[in-house]
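Numbering (UniProt numbering), first residue to last: 1 to 357.
From the three backbone atoms N, C-alpha and C, an ideal C-beta is built for every residue, glycine too.
Notes for the one structure printed next.
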(Lines of atoms letter the chains of each structure in order from A and count residues from 1; the text may use other names and numbers.)
(Lines give C-alpha, C1' and ligand atoms only; values in the text may rest on other atoms or scores of the structure.)
Protein backbone atom coordinates (compact mmCIF):
# COMPACT_ATOMS: atom_id res chain seq x y z
CA UNK A 1 0.00 0.00 0.00
CA UNK A 2 3.03 2.31 0.09
CA UNK A 3 2.53 2.67 -3.65
CA UNK A 4 -0.73 4.50 -2.97
CA UNK A 5 0.42 6.60 -0.02
CA UNK A 6 3.74 7.82 -1.42
CA UNK A 7 3.24 8.25 -5.16
CA UNK A 8 6.19 9.50 -7.18
CA UNK A 9 6.16 10.77 -10.72
CA UNK A 10 8.54 8.64 -12.83
CA UNK A 11 11.26 10.60 -14.57
CA UNK A 12 11.51 8.27 -17.58
CA UNK A 13 9.37 8.75 -20.64
CA UNK A 14 6.11 6.85 -20.85
CA UNK A 15 4.52 5.17 -23.85
CA UNK A 16 2.29 7.68 -25.60
CA UNK A 17 -1.36 6.86 -26.24
CA UNK A 18 -4.27 8.84 -27.60
CA UNK A 19 -5.22 9.66 -24.01
CA UNK A 20 -1.81 11.12 -23.13
CA UNK A 21 -1.76 13.08 -26.38
CA UNK A 22 -5.19 14.50 -25.54
CA UNK A 23 -3.94 15.57 -22.10
CA UNK A 24 -0.85 17.14 -23.72
CA UNK A 25 -3.15 19.34 -25.81
CA UNK A 26 -5.30 20.24 -22.81
CA UNK A 27 -2.12 21.00 -20.83
CA UNK A 28 -1.35 23.95 -23.12
CA UNK A 29 -4.75 25.41 -22.33
CA UNK A 30 -4.35 24.70 -18.61
CA UNK A 31 -0.93 26.35 -18.63
CA UNK A 32 -2.39 29.59 -19.94
CA UNK A 33 -5.56 29.54 -17.82
CA UNK A 34 -4.82 28.17 -14.40
CA UNK A 35 -2.24 25.43 -13.93
CA UNK A 36 1.37 25.67 -15.15
CA UNK A 37 3.33 22.46 -14.56
CA UNK A 38 0.11 20.48 -14.43
CA UNK A 39 1.21 17.46 -16.45
CA UNK A 40 4.39 15.38 -16.11
CA UNK A 41 5.54 16.38 -19.60
CA UNK A 42 6.98 19.82 -20.27
CA UNK A 43 4.58 22.12 -22.07
CA UNK A 44 5.56 23.01 -25.62
CA UNK A 45 6.01 26.77 -25.25
CA UNK A 46 9.11 28.97 -25.68
CA UNK A 47 11.38 28.97 -22.62
CA UNK A 48 11.42 32.76 -22.44
CA UNK A 49 7.62 32.80 -22.21
CA UNK A 50 7.38 30.06 -19.57
CA UNK A 51 10.06 31.68 -17.37
CA UNK A 52 8.03 34.88 -17.22
CA UNK A 53 4.59 33.28 -16.98
CA UNK A 54 5.23 30.37 -14.59
CA UNK A 55 5.88 32.36 -11.37
CA UNK A 56 2.65 34.30 -11.83
CA UNK A 57 0.45 31.27 -11.21
CA UNK A 58 1.02 28.83 -8.35
CA UNK A 59 -1.84 26.43 -7.61
CA UNK A 60 -2.31 22.91 -6.30
CA UNK A 61 -3.31 20.25 -8.78
CA UNK A 62 -4.21 16.57 -9.12
CA UNK A 63 -1.45 15.55 -11.49
CA UNK A 64 -0.91 12.18 -9.76
CA UNK A 65 -4.53 11.11 -10.18
CA UNK A 66 -4.48 11.93 -13.89
CA UNK A 67 -1.06 10.31 -14.30
CA UNK A 68 -2.22 7.02 -12.78
CA UNK A 69 -5.41 7.03 -14.86
CA UNK A 70 -3.73 7.97 -18.15
CA UNK A 71 -0.41 6.12 -17.83
CA UNK A 72 0.01 3.68 -14.91
CA UNK A 73 -3.32 1.89 -15.32
CA UNK A 74 -2.83 1.59 -19.08
CA UNK A 75 0.48 -0.29 -18.94
CA UNK A 76 -1.01 -3.80 -18.72
CA UNK A 77 -4.19 -3.22 -20.70
CA UNK A 78 -5.61 -0.37 -22.76
CA UNK A 79 -8.95 -0.90 -24.48
CA UNK A 80 -8.64 1.08 -27.71
CA UNK A 81 -12.40 1.23 -28.26
CA UNK A 82 -13.01 2.64 -24.77
CA UNK A 83 -10.22 5.17 -25.29
CA UNK A 84 -11.60 6.35 -28.64
CA UNK A 85 -15.09 6.61 -27.16
CA UNK A 86 -13.75 8.66 -24.23
CA UNK A 87 -11.92 11.08 -26.53
CA UNK A 88 -15.03 11.55 -28.70
CA UNK A 89 -17.10 12.14 -25.57
CA UNK A 90 -14.55 14.66 -24.31
CA UNK A 91 -14.64 16.60 -27.58
CA UNK A 92 -18.44 16.56 -27.61
CA UNK A 93 -18.91 17.69 -23.99
CA UNK A 94 -16.16 20.32 -24.17
CA UNK A 95 -17.39 21.60 -27.52
CA UNK A 96 -20.94 22.05 -26.22
CA UNK A 97 -19.86 23.51 -22.86
CA UNK A 98 -17.24 25.91 -24.21
CA UNK A 99 -19.48 27.01 -27.08
CA UNK A 100 -22.41 27.76 -24.75
CA UNK A 101 -20.20 29.75 -22.34
CA UNK A 102 -18.38 31.72 -25.04
CA UNK A 103 -21.56 32.38 -27.02
CA UNK A 104 -23.30 33.59 -23.87
CA UNK A 105 -20.48 36.04 -23.08
CA UNK A 106 -20.18 37.25 -26.67
CA UNK A 107 -23.94 37.74 -27.02
CA UNK A 108 -24.06 39.72 -23.77
CA UNK A 109 -21.33 41.99 -25.09
CA UNK A 110 -22.98 42.41 -28.50
CA UNK A 111 -26.41 43.05 -26.98
CA UNK A 112 -25.13 45.77 -24.65
CA UNK A 113 -23.03 47.27 -27.45
CA UNK A 114 -26.12 47.37 -29.67
CA UNK A 115 -28.12 49.11 -26.92
CA UNK A 116 -25.32 51.60 -26.36
CA UNK A 117 -25.25 52.49 -30.06
CA UNK A 118 -28.99 52.56 -30.81
CA UNK A 119 -30.53 53.85 -27.55
CA UNK A 120 -27.65 55.91 -26.13
CA UNK A 121 -27.50 53.58 -23.10
CA UNK A 122 -24.24 52.91 -21.29
CA UNK A 123 -22.26 49.75 -22.11
CA UNK A 124 -22.79 47.67 -18.96
CA UNK A 125 -21.99 43.95 -18.82
CA UNK A 126 -20.79 43.71 -15.21
CA UNK A 127 -21.79 46.05 -12.41
CA UNK A 128 -18.62 47.55 -10.92
CA UNK A 129 -18.01 49.93 -8.02
CA UNK A 130 -16.88 52.54 -10.52
CA UNK A 131 -17.96 54.01 -12.87
CA UNK A 132 -21.55 54.84 -12.05
CA UNK A 133 -24.22 53.41 -14.34
CA UNK A 134 -25.15 56.86 -15.66
CA UNK A 135 -21.56 58.08 -16.04
CA UNK A 136 -21.13 58.79 -19.77
CA UNK A 137 -17.58 60.10 -19.78
CA UNK A 138 -14.96 58.67 -22.14
CA UNK A 139 -12.91 57.27 -19.25
CA UNK A 140 -15.99 55.53 -17.84
CA UNK A 141 -16.76 53.98 -21.22
CA UNK A 142 -13.21 52.69 -21.65
CA UNK A 143 -13.29 51.29 -18.11
CA UNK A 144 -16.48 49.35 -18.87
CA UNK A 145 -14.85 47.82 -21.95
CA UNK A 146 -11.80 46.80 -19.88
CA UNK A 147 -14.08 45.30 -17.20
CA UNK A 148 -15.87 43.28 -19.88
CA UNK A 149 -12.63 41.76 -21.19
CA UNK A 150 -11.39 41.10 -17.64
CA UNK A 151 -14.65 39.27 -16.99
CA UNK A 152 -14.12 37.32 -20.21
CA UNK A 153 -10.60 36.27 -19.11
CA UNK A 154 -11.90 35.31 -15.65
CA UNK A 155 -14.55 33.05 -17.16
CA UNK A 156 -11.92 31.51 -19.45
CA UNK A 157 -9.77 30.61 -16.44
CA UNK A 158 -12.79 29.02 -14.77
CA UNK A 159 -13.39 27.01 -17.93
CA UNK A 160 -9.83 25.71 -17.64
CA UNK A 161 -10.46 24.56 -14.07
CA UNK A 162 -13.72 22.90 -15.12
CA UNK A 163 -11.84 21.13 -17.92
CA UNK A 164 -9.43 19.60 -15.39
CA UNK A 165 -12.29 18.18 -13.33
CA UNK A 166 -14.19 16.98 -16.38
CA UNK A 167 -11.10 15.23 -17.78
CA UNK A 168 -10.53 13.40 -14.48
CA UNK A 169 -14.15 12.20 -14.48
CA UNK A 170 -13.96 11.01 -18.09
CA UNK A 171 -10.73 9.11 -17.40
CA UNK A 172 -12.34 7.39 -14.42
CA UNK A 173 -15.28 6.32 -16.56
CA UNK A 174 -12.92 5.04 -19.26
CA UNK A 175 -10.85 3.15 -16.69
CA UNK A 176 -13.89 1.19 -15.52
CA UNK A 177 -14.59 0.25 -19.14
CA UNK A 178 -10.95 -0.73 -19.41
CA UNK A 179 -11.30 -3.00 -16.37
CA UNK A 180 -14.36 -4.67 -17.87
CA UNK A 181 -12.56 -5.54 -21.10
CA UNK A 182 -9.50 -6.68 -19.11
CA UNK A 183 -11.45 -9.26 -17.11
CA UNK A 184 -13.49 -10.35 -20.12
CA UNK A 185 -10.29 -10.94 -22.12
CA UNK A 186 -9.07 -13.40 -19.48
CA UNK A 187 -11.28 -16.01 -21.18
CA UNK A 188 -8.82 -16.04 -24.07
CA UNK A 189 -6.17 -17.62 -21.83
CA UNK A 190 -8.01 -20.94 -21.98
CA UNK A 191 -7.97 -20.81 -25.79
CA UNK A 192 -4.17 -20.90 -25.89
CA UNK A 193 -3.66 -24.53 -26.91
CA UNK A 194 0.14 -24.37 -26.58
CA UNK A 195 -0.29 -24.12 -22.79
CA UNK A 196 -1.22 -27.03 -20.55
CA UNK A 197 -4.26 -26.83 -18.27
CA UNK A 198 -2.04 -26.15 -15.26
CA UNK A 199 -0.16 -23.37 -17.08
CA UNK A 200 -3.43 -21.82 -18.21
CA UNK A 201 -4.77 -21.79 -14.66
CA UNK A 202 -1.54 -20.31 -13.30
CA UNK A 203 -1.55 -17.59 -15.95
CA UNK A 204 -5.22 -16.88 -15.26
CA UNK A 205 -4.59 -16.54 -11.52
CA UNK A 206 -1.66 -14.15 -12.04
CA UNK A 207 -3.61 -12.03 -14.52
CA UNK A 208 -6.71 -11.97 -12.33
CA UNK A 209 -4.67 -10.78 -9.34
CA UNK A 210 -3.19 -8.09 -11.57
CA UNK A 211 -6.72 -7.00 -12.43
CA UNK A 212 -7.56 -6.78 -8.72
CA UNK A 213 -4.55 -4.50 -8.23
CA UNK A 214 -5.76 -2.29 -11.08
CA UNK A 215 -9.23 -2.16 -9.54
CA UNK A 216 -7.75 -1.20 -6.16
CA UNK A 217 -5.77 1.61 -7.75
CA UNK A 218 -8.89 2.77 -9.60
CA UNK A 219 -10.78 2.92 -6.29
CA UNK A 220 -7.93 5.01 -4.88
CA UNK A 221 -8.30 7.42 -7.81
CA UNK A 222 -12.05 7.66 -7.16
CA UNK A 223 -11.52 8.44 -3.47
CA UNK A 224 -8.84 11.03 -4.28
CA UNK A 225 -11.07 12.65 -6.90
CA UNK A 226 -13.92 12.93 -4.39
CA UNK A 227 -11.60 14.31 -1.71
CA UNK A 228 -9.91 16.86 -3.98
CA UNK A 229 -13.04 18.07 -5.75
CA UNK A 230 -15.59 17.92 -2.93
CA UNK A 231 -15.73 21.71 -2.64
CA UNK A 232 -15.66 22.09 -6.44
CA UNK A 233 -18.62 19.73 -6.83
CA UNK A 234 -20.67 21.60 -4.23
CA UNK A 235 -19.88 25.03 -5.63
CA UNK A 236 -20.60 23.73 -9.14
CA UNK A 237 -24.15 22.78 -8.15
CA UNK A 238 -24.71 26.14 -6.42
CA UNK A 239 -23.31 28.08 -9.37
CA UNK A 240 -25.38 26.54 -12.13
CA UNK A 241 -28.56 26.08 -10.09
CA UNK A 242 -28.26 29.71 -9.04
CA UNK A 243 -27.85 30.77 -12.66
CA UNK A 244 -30.84 28.68 -13.70
CA UNK A 245 -33.05 30.16 -10.98
CA UNK A 246 -31.74 33.72 -11.51
CA UNK A 247 -33.25 33.72 -14.98
CA UNK A 248 -36.77 33.40 -13.54
CA UNK A 249 -37.14 37.03 -12.32
CA UNK A 250 -36.31 38.37 -15.79
CA UNK A 251 -39.06 36.22 -17.26
CA UNK A 252 -41.60 36.89 -14.51
CA UNK A 253 -41.07 40.66 -14.43
CA UNK A 254 -41.53 40.98 -18.19
CA UNK A 255 -45.15 41.83 -18.96
CA UNK A 256 -44.99 41.16 -22.69
CA UNK A 257 -43.58 37.60 -22.66
CA UNK A 258 -42.70 38.14 -26.30
CA UNK A 259 -40.55 35.77 -28.40
CA UNK A 260 -37.79 38.38 -28.25
CA UNK A 261 -37.69 38.11 -24.47
CA UNK A 262 -37.59 34.31 -24.64
CA UNK A 263 -34.83 34.30 -27.28
CA UNK A 264 -32.75 36.78 -25.27
CA UNK A 265 -32.82 34.45 -22.25
CA UNK A 266 -32.27 31.25 -24.24
CA UNK A 267 -28.42 31.46 -24.20
CA UNK A 268 -28.36 31.73 -20.41
CA UNK A 269 -30.78 28.82 -20.04
CA UNK A 270 -28.70 26.66 -22.38
CA UNK A 271 -25.49 27.61 -20.57
CA UNK A 272 -27.05 26.71 -17.21
CA UNK A 273 -28.35 23.34 -18.43
CA UNK A 274 -25.08 22.41 -20.14
CA UNK A 275 -22.96 23.68 -17.24
CA UNK A 276 -24.97 21.68 -14.71
CA UNK A 277 -24.61 18.51 -16.77
CA UNK A 278 -20.91 19.07 -17.53
CA UNK A 279 -19.92 17.25 -14.32
CA UNK A 280 -23.05 15.18 -13.71
CA UNK A 281 -23.01 13.38 -17.08
CA UNK A 282 -19.51 11.84 -16.78
CA UNK A 283 -20.00 11.25 -13.05
CA UNK A 284 -23.17 9.32 -13.85
CA UNK A 285 -21.20 7.25 -16.37
CA UNK A 286 -18.71 6.35 -13.62
CA UNK A 287 -21.50 4.90 -11.47
CA UNK A 288 -22.93 2.91 -14.39
CA UNK A 289 -19.59 1.54 -15.63
CA UNK A 290 -18.42 0.67 -12.11
CA UNK A 291 -21.56 -1.42 -11.57
CA UNK A 292 -20.64 -3.53 -14.64
CA UNK A 293 -17.21 -4.56 -13.32
CA UNK A 294 -18.58 -7.42 -11.11
CA UNK A 295 -20.30 -8.91 -14.15
CA UNK A 296 -17.02 -8.79 -16.08
CA UNK A 297 -15.24 -10.52 -13.17
CA UNK A 298 -17.89 -13.23 -13.09
CA UNK A 299 -17.49 -13.80 -16.83
CA UNK A 300 -13.69 -13.87 -16.74
CA UNK A 301 -13.51 -17.65 -17.21
CA UNK A 302 -12.85 -18.82 -13.65
CA UNK A 303 -15.12 -21.82 -14.24
CA UNK A 304 -12.46 -23.27 -16.58
CA UNK A 305 -10.08 -23.78 -13.64
CA UNK A 306 -9.91 -27.28 -12.13
CA UNK A 307 -6.91 -27.89 -9.90
CA UNK A 308 -6.90 -24.32 -8.58
CA UNK A 309 -10.67 -24.04 -8.53
CA UNK A 310 -11.25 -23.57 -4.74
CA UNK A 311 -8.67 -20.80 -4.41
CA UNK A 312 -9.79 -19.08 -7.62
CA UNK A 313 -13.44 -19.16 -6.53
CA UNK A 314 -12.61 -17.48 -3.23
CA UNK A 315 -10.53 -14.89 -5.05
CA UNK A 316 -13.33 -14.12 -7.51
CA UNK A 317 -15.95 -13.87 -4.76
CA UNK A 318 -13.86 -11.44 -2.69
CA UNK A 319 -13.07 -9.34 -5.77
CA UNK A 320 -16.74 -9.21 -6.76
CA UNK A 321 -17.78 -8.22 -3.24
CA UNK A 322 -15.41 -5.25 -3.38
CA UNK A 323 -16.48 -4.33 -6.92
CA UNK A 324 -20.17 -4.39 -5.97
CA UNK A 325 -19.65 -1.40 -3.69
CA UNK A 326 -21.61 1.47 -5.16
CA UNK A 327 -19.36 4.15 -6.66
CA UNK A 328 -20.93 7.59 -6.38
CA UNK A 329 -19.43 11.08 -6.49
CA UNK A 330 -21.32 13.51 -4.28
CA UNK A 331 -21.75 17.20 -3.62
CA UNK A 332 -22.36 18.47 -0.08
CA UNK A 333 -21.66 14.90 1.05
CA UNK A 334 -25.17 13.73 0.11
CA UNK A 335 -26.18 14.93 -3.38
CA UNK A 336 -25.16 12.19 -5.81
CA UNK A 337 -23.86 13.22 -9.22
CA UNK A 338 -25.96 11.18 -11.65
CA UNK A 339 -28.38 11.48 -14.53
CA UNK A 340 -31.31 11.12 -12.12
CA UNK A 341 -30.06 14.01 -10.00
CA UNK A 342 -29.56 16.16 -13.09
CA UNK A 343 -33.13 15.56 -14.25
CA UNK A 344 -34.45 16.15 -10.71
CA UNK A 345 -32.68 19.52 -10.42
CA UNK A 346 -33.92 20.66 -13.84
CA UNK A 347 -37.47 19.56 -13.01
CA UNK A 348 -37.26 21.33 -9.65
CA UNK A 349 -36.31 24.60 -11.35
CA UNK A 350 -39.10 24.15 -13.89
CA UNK A 351 -41.60 23.38 -11.11
CA UNK A 352 -40.56 26.52 -9.25
CA UNK A 353 -40.99 28.51 -12.45
CA UNK A 354 -44.46 27.01 -13.03
CA UNK A 355 -45.63 27.84 -9.49
CA UNK A 356 -44.39 31.43 -9.62
CA UNK A 357 -45.57 32.00 -13.18
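Go to residue i, then tell me how far its alpha helix (DSSP H) extends in each direction, as first and last residue.
i	result
residue 215	197-228
residue 122	That residue, residue 122, is in no alpha helix (DSSP H); it is neither H nor E in DSSP.
residue 129	Unbroken run through residue 129: none, as it is neither H nor E.
residue 173	138-185
residue 310	309-323
Is the distance from the Cβ of residue i to the Cβ of residue j below 8 Å?
i	j	result
residue 101	residue 155	yes
residue 297	residue 320	yes
residue 79	residue 173	no
residue 87	residue 18	yes
residue 144	residue 127	no
residue 228	residue 30	no
residue 330	residue 221	no
residue 290	residue 327	yes
residue 104	residue 268	yes
residue 217	residue 335	no
residue 20	residue 70	yes
residue 219	residue 204	no
residue 332	residue 234	yes
residue 170	residue 99	no
residue 272	residue 243	yes
residue 208	residue 318	no
Roughly how many angstroms separate the alpha carbons of residue i and residue j, rounded to a whole number?
i	j	result
residue 275	residue 300	39 Å
residue 215	residue 308	22 Å
residue 197	residue 191	10 Å
residue 338	residue 202	40 Å
residue 168	residue 65	8 Å
residue 277	residue 22	22 Å
residue 43	residue 122	42 Å
residue 84	residue 182	16 Å
residue 280	residue 146	34 Å
residue 212	residue 39	27 Å
residue 188	residue 176	20 Å
residue 28	residue 184	37 Å
residue 230	residue 137	45 Å
residue 166	residue 225	11 Å
residue 249	residue 266	14 Å
residue 46	residue 26	17 Å
residue 347	residue 283	19 Å
residue 81	residue 129	53 Å
residue 41	residue 14	10 Å
residue 232	residue 223	15 Å
residue 135	residue 343	44 Å
residue 48	residue 24	20 Å
residue 110	residue 351	32 Å
residue 349	residue 304	54 Å
residue 210	residue 75	11 Å
residue 153	residue 341	31 Å
residue 355	residue 107	30 Å
residue 133	residue 247	22 Å
residue 142	residue 148	10 Å
residue 114	residue 295	59 Å
residue 16	residue 120	57 Å
residue 195	residue 325	35 Å
Using 8 Å for Cβ pairs, my map puts residue i next to residue j. What's the rounded Cβ distance?
i	j	result
residue 77	residue 178	6 Å
residue 288	residue 323	At roughly 14 Å, the Cβ-Cβ gap does not stay under 8 Å, so residue 288 and residue 323 are not in contact.
residue 302	residue 313	7 Å
residue 270	residue 345	Incorrect: roughly 15 Å between the Cβ atoms, too far for contact.
Please find out if some non-hydrogen atom of the ligand ADP comes closer than 7 Å to the beta-carbon of residue i.
i	result
residue 194	The model depicted lacks the ligand ADP and carries no ligand whatsoever.
I want to see whether chain B comes within less than 8 Å of residue i, judged by CB atoms only; does it?
i	result
residue 303	Going by chain labels, chain B is absent from the structure shown, which holds only one protein chain.
Taking only runs of the alpha helix (DSSP H) that begin and end inside the stretch 60-112, which ones reach a length of at least 4 residues, in chain order?
Whole alpha helix (DSSP H) segments, 4+ residues: 63-70.
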